[in-house]
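For reference, the structure is listed below as structure tokens.
6 protein chains.
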Amino acid sequence: MKTAFVTDLGSEQNITTFFLVHEKEIRNTREGKPYLRLELGDRSGTIEARMWDQFEAAAKDVNRDDFVKVHARVEIYRNKPQLSLQQLRRAKPEEVDLADFLPHTSADVEKLYAQLSESAGSIANPWLKKLVNGIISDPGIAARYKRAPAAKVMHHAYLGGLLEHAVGLCDLAKRVAAHYPELDLDLLLAAAILHDVGKLDELCYDRAIGYTTEGQLLGHIVMELETITKAIDAIEGFPANLKTVVQHLLISHHGQYEFGSPKLPMIREAMVFHYLDDLDSKLAAVRAALALDSGEEEWSAYSGALGRKFLRLDEFLKSPSAKAEGNVPNPKLFP
Amino acid sequence: MKTAFVTDLGSEQNITTFFLVHEKEIRNTREGKPYLRLELGDRSGTIEARMWDQFEAAAKDVNRDDFVKVHARVEIYRNKPQLSLQQLRRAKPEEVDLADFLPHTSADVEKLYAQLSESAGSIANPWLKKLVNGIISDPGIAARYKRAPAAKVMHHAYLGGLLEHAVGLCDLAKRVAAHYPELDLDLLLAAAILHDVGKLDELCYDRAIGYTTEGQLLGHIVMELETITKAIDAIEGFPANLKTVVQHLLISHHGQYEFGSPKLPMIREAMVFHYLDDLDSKLAAVRAALALDSGEEEWSAYSGALGRKFLRLDEFLKSPSAKAEGNVPNPKLFP
Amino acid sequence: MKTAFVTDLGSEQNITTFFLVHEKEIRNTREGKPYLRLELGDRSGTIEARMWDQFEAAAKDVNRDDFVKVHARVEIYRNKPQLSLQQLRRAKPEEVDLADFLPHTSADVEKLYAQLSESAGSIANPWLKKLVNGIISDPGIAARYKRAPAAKVMHHAYLGGLLEHAVGLCDLAKRVAAHYPELDLDLLLAAAILHDVGKLDELCYDRAIGYTTEGQLLGHIVMELETITKAIDAIEGFPANLKTVVQHLLISHHGQYEFGSPKLPMIREAMVFHYLDDLDSKLAAVRAALALDSGEEEWSAYSGALGRKFLRLDEFLKSPSAKAEGNVPNPKLFP
Amino acid sequence: MKTAFVTDLGSEQNITTFFLVHEKEIRNTREGKPYLRLELGDRSGTIEARMWDQFEAAAKDVNRDDFVKVHARVEIYRNKPQLSLQQLRRAKPEEVDLADFLPHTSADVEKLYAQLSESAGSIANPWLKKLVNGIISDPGIAARYKRAPAAKVMHHAYLGGLLEHAVGLCDLAKRVAAHYPELDLDLLLAAAILHDVGKLDELCYDRAIGYTTEGQLLGHIVMELETITKAIDAIEGFPANLKTVVQHLLISHHGQYEFGSPKLPMIREAMVFHYLDDLDSKLAAVRAALALDSGEEEWSAYSGALGRKFLRLDEFLKSPSAKAEGNVPNPKLFP
Amino acid sequence: MKTAFVTDLGSEQNITTFFLVHEKEIRNTREGKPYLRLELGDRSGTIEARMWDQFEAAAKDVNRDDFVKVHARVEIYRNKPQLSLQQLRRAKPEEVDLADFLPHTSADVEKLYAQLSESAGSIANPWLKKLVNGIISDPGIAARYKRAPAAKVMHHAYLGGLLEHAVGLCDLAKRVAAHYPELDLDLLLAAAILHDVGKLDELCYDRAIGYTTEGQLLGHIVMELETITKAIDAIEGFPANLKTVVQHLLISHHGQYEFGSPKLPMIREAMVFHYLDDLDSKLAAVRAALALDSGEEEWSAYSGALGRKFLRLDEFLKSPSAKAEGNVPNPKLFP
Amino acid sequence: MKTAFVTDLGSEQNITTFFLVHEKEIRNTREGKPYLRLELGDRSGTIEARMWDQFEAAAKDVNRDDFVKVHARVEIYRNKPQLSLQQLRRAKPEEVDLADFLPHTSADVEKLYAQLSESAGSIANPWLKKLVNGIISDPGIAARYKRAPAAKVMHHAYLGGLLEHAVGLCDLAKRVAAHYPELDLDLLLAAAILHDVGKLDELCYDRAIGYTTEGQLLGHIVMELETITKAIDAIEGFPANLKTVVQHLLISHHGQYEFGSPKLPMIREAMVFHYLDDLDSKLAAVRAALALDSGEEEWSAYSGALGRKFLRLDEFLKSPSAKAEGNVPNPKLFP
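Residue numbers (the numbering used here), protein chains in the order written: chain A, 1 to 335; chain B, 1 to 335; chain C, 1 to 335; chain D, 1 to 335; chain E, 1 to 335; chain F, 1 to 335.
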């Protein structure tokens, strides 16, 4: 239904499409004439919009966090596109597809979930298998597991990102466990599937990605601890010490106190899982940093999450050696 | 039943009493003659013991962590008392009172528990009151709440110490809440009574104070979170947000990530409770350091928990001023 | 004398009142016509002002940090009020009440000081009582003690804030000392009254709150150490060791090296006083953060001093449970 | 050739001179009329420039990082000067003197280099002397050693700054070695001359000071390690252990791991050299901070490198004592 | 040739075998009679030895770090075995097999080296392949690569440990690169094979594992940087930027400044390699900690390298649940 | 008067000399016979002593910290010399020279003090000169300034060490100020002479070097601040701002909060002085570490103060290159 995205808008174009309202104000021009100023957005970005005439009725009906339908003309002001609104109204529920307003994974979510279920099914330990299967086959959990992002900004910060991360960790765990025979793959798989289940409620991701109040007060580690503990207790005969081991895997997976783990990993698999989780998250953050246009040919944008920027290796290896040129000043200036 | 404690033993005395076996070995003298060497202890300390003759039968029957009955003579060796054992056998259960073997509070535990219950009863919020009363009137919990120490070494490290700490915090909370009217006393009292309930299982304190395996893997914050969450869920109608607030109080009470709190206090009462808990613990640690004989008149023993030693204020204020004397060397040497 | 405060200004209103000049510049319009631009303020906030005509004479006479009398019209520009000045002149001293230009405590300063004196009078130790009374009855000190803020931004950052903090600490100390009989209340009261006396000179608070050059070079701990040491030395017979104890209380009250205490608290009362001072300051910072409008219903503004934001507990407990709603996307979007 | 510098431009002046292009864009006025906007600069600063008419041809030929010749008029817009361009073309190589576009030392570079060579010549140890002389007499190195800055922003951040720093360190090392007879001056001099040679390639300083890609990936310590190691290996018979000592001096000169030294100084001269290098750099940073106009009479601008601001001692000692005045509020306000 | 190892010695046994001398002193008995005291060792541990008679000749000829042949009787003193020497002489070179005196890998070193070569051979990039092959086929390097441990105490601290670690990393890199198609496997393999080559000279491992003086002054990162840089420069046409990339991989592989990396990983493969290297080292440290007898059934010895102890998962899962038992005191004491 | 020092004692020697009593106990032999055990010491070290017969009278009269005269025989027990006392009595004051019992500088203290006075005299600023001269010509201060050590263990830990350090800093300051003309030498000299005056009372050094109680509670920075402030206030007309500058120099000279400076250096001379003080102290600590016999030829003992050991440069440069030999195992073993 949505026909034009923010990043595609060209100068002097007339458009009719849908947006989410991020901000709304009534302003006055220097001459004292009021106008409506909106910030509109979709999953590709945001744009300023102004409505100069007959905006009063629409302005009453439309509020922040509403979806709207607009008819507008794209103009360029201070080198940036801007919308001059001619018509504006609230959208009807059936006109809007949420997927147009939040970034989402490019993978097929149902296929990913099938892979997750397959990994769960491959767990040999009957107690762990029952636990993991119970969680991911819960319809309330499954629906959100397919939508949730893995974070607000750090890594996999898009709808479906959490699932992508979990499926990736299952595969990675299998490969690493094949290398170290001393590792218990069942525990690694259970950790991969369960370790971020608390994010389903820590984050909210209806229209934009943010934190719930409960999420800020408790954090996903504590939230999933409650969920998983109850699931374990609902399984009759689940061994008490295995329960402790699962709980330890969950609470220690951030690896360090200062990252919110109340215990350091003290089980071999807990330590290894922390490494894999950290590696997969960091690598996703690097990928995201490299995907942004940093304005520098050989370097990514600076990643606040990683405290550095990353080399675009291909560009660097292709470029003639900086060293060969040296810094010899004169010949270089006016070739 | 126990008649002589380690700290009371005098030279050349003959004793008949009970001890806990801390260590046991068979050693050889230089001449190759075997003898039995034990380290025996009670709540007041430990002492070396040797049995030179006819120890074989007793040695077979007696092991580390057993209680024993001995008949022995106290001798002084290298300035320290030592036992020369004449008779030795395992004690019978009914001969032993555990209280003789672990340090315990000097307060009356039943009175303390009555005070705790009174504080619980003074909570106005009906949900919190129901929760707290439910916990402390659970017989399994109450029995252990009356025995548990608050820590292995840091503070209140004796039987009944946890209860003493909780009762003290209730009183302190009342005083501080009377000063700051913005504070919700109910939350502070609930925190005071519940915040260390996980220690009932984190620590073991049958014969000596130590950590359980589960305690090391999860810690008391995570352990009590499970206990309290279940108690809340068993109360029909308990408000969801109040549950989140109680959980936040529990998980944030260490105040900093590096002390094992997965969240910083973000509720006013959580921040204040952390201060009170920390103050009461530290002050108990100072009290313990000052109680030890440090060999220095004006200074306590060095407290590892606090990273410093503390001044014995009374001694210092009584002493003639160091400054008045100065460091003037000659006249001071041979007055 | 001051009739209109910045936060009360309404659109299209004509006002005649007094302000403090925070900034002054002559600017040109795009057409090259010069005009006078001022930033004016009072204790409630600041506002931009422009004078388009006949500003030359006034501009010569008026400078930054002057008080001015203005006749002006309030206009709205870019959604914010702004003053269009019609008349402008320097204010005469007798026209200005400083209290209109700096935020100040809502309490009655004289009553607070009487409470402080009463606490001082309750000190039992004759030497400490003489010392503390001497300090707070010094007219030069008393005048400033009634005006000084406790900080520039961290806590109690308003005129009279320091006094409010000290009086509060006296009361808190009495309550806590009643709980811990081992504590010497006299020392806690002396610390409460004297520990920030150096701020009288570390800060300047004539028109705005800032730091003096001396304050930046020495800090209030060092500054008050000099004041109190001299006051002690002026008391004949003051015990040398008690002097050392008072000095230690002063220099250790920040509790940690990185907060500018050259010694850690090594006296029981010094440690406790540090806790109380820290608690009272932090709680005041939380109070200030909650008092600001953060634009979020359930959360305070982010407090830089505390490194977090705080929950508005009442709002949260009143709100329907976030958890009950869950993150179920579709039904929520178009109810 | 360059006749007018940015900091000298006065209102309504007509100028013909050369600049470096820092930024270039085509923008539209509100009415949709395009114009060329440039940011132009020289060693004294930067200025905005606009060309309203007939800019198309020039705009095609001119790019960021080009030198240009302009004919323009200086106008004042929002209190800041701005250029209205009438003519614009790329400069020819022979028209431009790079020294006009980058800040540079006020000292005579050739004289400084002669001093450096003299210090090198004063080294007694024949191996070290041969090594150091070989490096600084290499024409490729010498040309760049005379141009390189010592840093991008921290200290000596101007052309010739590195040389100034090295020459200063040689002199300082001689003075300090004269004080501590246990120190080997030869090692200190070798370190002073060689320790930042890697900066010749870590930084680029053709038109502005920045980091090369190689510089970011390796850092000057690693880069100079390669240069100096090869120079040593080219000297037949150079003692193996002396080589290790020189390498250690280079890699440890930042003094701490977190500043990029892979080893702490473990040789007396390495530790001393680290102190001298650090002192000279920090003092240069203080000098730079004091040279900026901070808008405060008694204090320098805040130095990010040093985490504080510095007192202008002369101003402070000249000023009437702040303390004498005190904070007595009333008399001060309207003198 | 060696027939009896320290850990196998039983009481009252007569032995004839070889040891390494760790310490040697002449002591006097209380009666003033001199005797020879040695500390002797092999790869399994150390033991005290005394020679009471006719030791003078042997004592002259035998020194610390010598191999000796002894004829002795095992006695038990203070519960520990001790040797009473009857005959003692220096061993002849051909009598000693070094492998008896240093712990070594249980794997077949030649097979491991063949695997390393195979991984080197699988590198696709011709320049990297040539570089890596050149290094590992150098006979001087190969001989030591087959002997060197990976560390003194942290991980793989036995002969052949470095090779085991490198071969393991090659396999792990292949698995992980198969999971993340964005990664360049060639760079990971080159890093795996080359990243610790500096340890061949940083450590000495002739008789015991220690650090060379050069190793302490430079560290293996700097040492291998020199080796690999020279090997690269010897390959004509090796691309300059690829050289920089290889150097960056080497210097950044410790991942953080405080672990001696002068640069953080800024290339994707450098970051990933750091994770793999760290994981493999830490896991080896856990393996070593679990292999030691800690005297606790469920916990490993405390690992200083990891700052914690690790759970013996199998023991824990097998044991009856601690929780089920609880801490109920009475019934547990006398079962 | 003292004829034999601990380090000079040879086996079976009979001696008559003086010692300081470090410890005293009455012990029993295994057979129950009591004897007197002392630890005796002088400036060169300590030794155990036993008196087997007729010790009762002497034991009553002699206590810890007394000087004693002994007649004894040196015996060797467990390879260490030990005294068998035949006669023992307290020494008379006139028999003892304190210099025999504490390590002291090898320099001539009076000459050093004359140099210090000369530096004080060279101060040009009349106020600073008056201040500094007043301090060092105070007889009470001078007497202790000539005796005090600079620290208990860190650096210059011997009688006269503080003076040596101060005189060294004066000379170093002159050299460095000659290099940086922007520095005010007067301030540096005043700092050099005054910055550790508080150590005269922070430490006690009558018989052994330790801390006074006052020193532990206040520290030398706070203690000297009081001394110097009073000396300034006693000088009529001393400029208020110069007083602030001197106070800032004193309190900031440790350079960082965590080393007990309540303010960072914010005056150029304060920053430089901190560097010089730190350098001189650290270099003295290196000197002390190198002076100890570490049992390693090329390395000093590990210095706890510096967190590392230091290379003996001369030994290392003299030794045949370790690298040349390499780690080639076989030929090295049996040369």
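By construction, the Cβ of each residue, glycine as well, lies at the ideal position given by its N, Cα and C atoms. These numbers were taken from a predicted model, which means no experiment stands behind them.
Inclusion of residue 50 (chain F) and residue 69 (chain F) in the CB contact set at 8 Å is not warranted, their separation being larger than that value.
For residue 269 (chain D), the closest Cβ of chain C is not nearer than 8 Å. Counting only Cβ-Cβ distances below 9 Å, residue 217 (chain F) has contacts in chain B at 311, 316, in chain order. Secondary structure of residue 245 (chain B) (DSSP, three-state): helix. Nearest neighbour of residue 36 (chain A) by Cα position, chosen from A:279, A:42, A:66, A:26, turns out to be A:26.
Beta-bridge analysis with DSSP links residue 305 (chain A) to no other residue.
Counting of Cβ neighbours within 10 angstroms places residue 64 (chain D) among the exposed residues, the total staying below 16. Taken in chain order, the members of the region 226–238 of chain E whose beta-carbon sits within less than 7 Å of a beta-carbon on chain D are 226, 229. Taking C-beta atoms as the reference points, residue 263 (chain D) and residue 217 (chain E) count as a pair closer than 8 Å. Interface flag for residue 272 (chain B) against chain A is unset, since no Cβ pair is found closer than 8 Å.
In the three-state scheme derived from DSSP, where H, G and I count as helix and E and B as strand, residue 7 (chain D) is classed as helix. Selection B:293, B:278, B:253 evaluated against residue 309 (chain B) yields B:293 as nearest (Cα-Cα). Per DSSP, the unbroken alpha helix (DSSP H) holding residue 117 (chain F) starts and ends at 109–121. One Cα belongs to residue 38 (chain D), the other to residue 151 (chain C), and the distance between them is close to 46 Å. Interface annotation for the region 281–299 of chain B against chain F: 298, 299, criterion Cβ-Cβ distance under 8 Å. If you ignore the 5 residues before and after residue 82 (chain A), its C-beta comes within less than 8 Å of the C-beta of 47, 48, 49, 50, 74, 75, 76, all in its own chain and listed in chain order. Ranked by Cα distance from residue 72 (chain A), the first of A:9, A:245, A:116 is A:9. For residue 87 (chain A), no alpha helix (DSSP H) encloses it; the enclosing beta strand (DSSP E) starts and ends at 80–90. In terms of CA proximity to residue 66 (chain E), E:101 leads the group E:214, E:101, E:204. Contact with chain A is absent for residue 244 (chain D), since none of that chain's Cβ atoms lies less than 8 Å from the residue's Cβ. Annotation for residue 35 (chain B): the continuous beta strand (DSSP E) segment containing it runs 34–42. Under the DSSP assignment, residue 222 (chain C) falls in the alpha helix (DSSP H) whose first and last residues are 213–233.
The contact set of residue 16 (chain E) on chain F, defined by CB atoms closer than 9 Å, is empty, because the minimum CB distance reaches about 20 Å. Residue 207 (chain C) has no beta-bridge partner at all, per DSSP. Inter-residue distance for residue 307 (chain D) and residue 203 (chain A) is about 37 Å (C-alpha atoms, whole angstroms). The beta carbon of residue 105 (chain A) sits no closer than 8 Å to any beta carbon of chain C. Each residue's CA atom was taken as its position, placing residue 266 (chain C) and residue 256 (chain A) some 31 Å apart.
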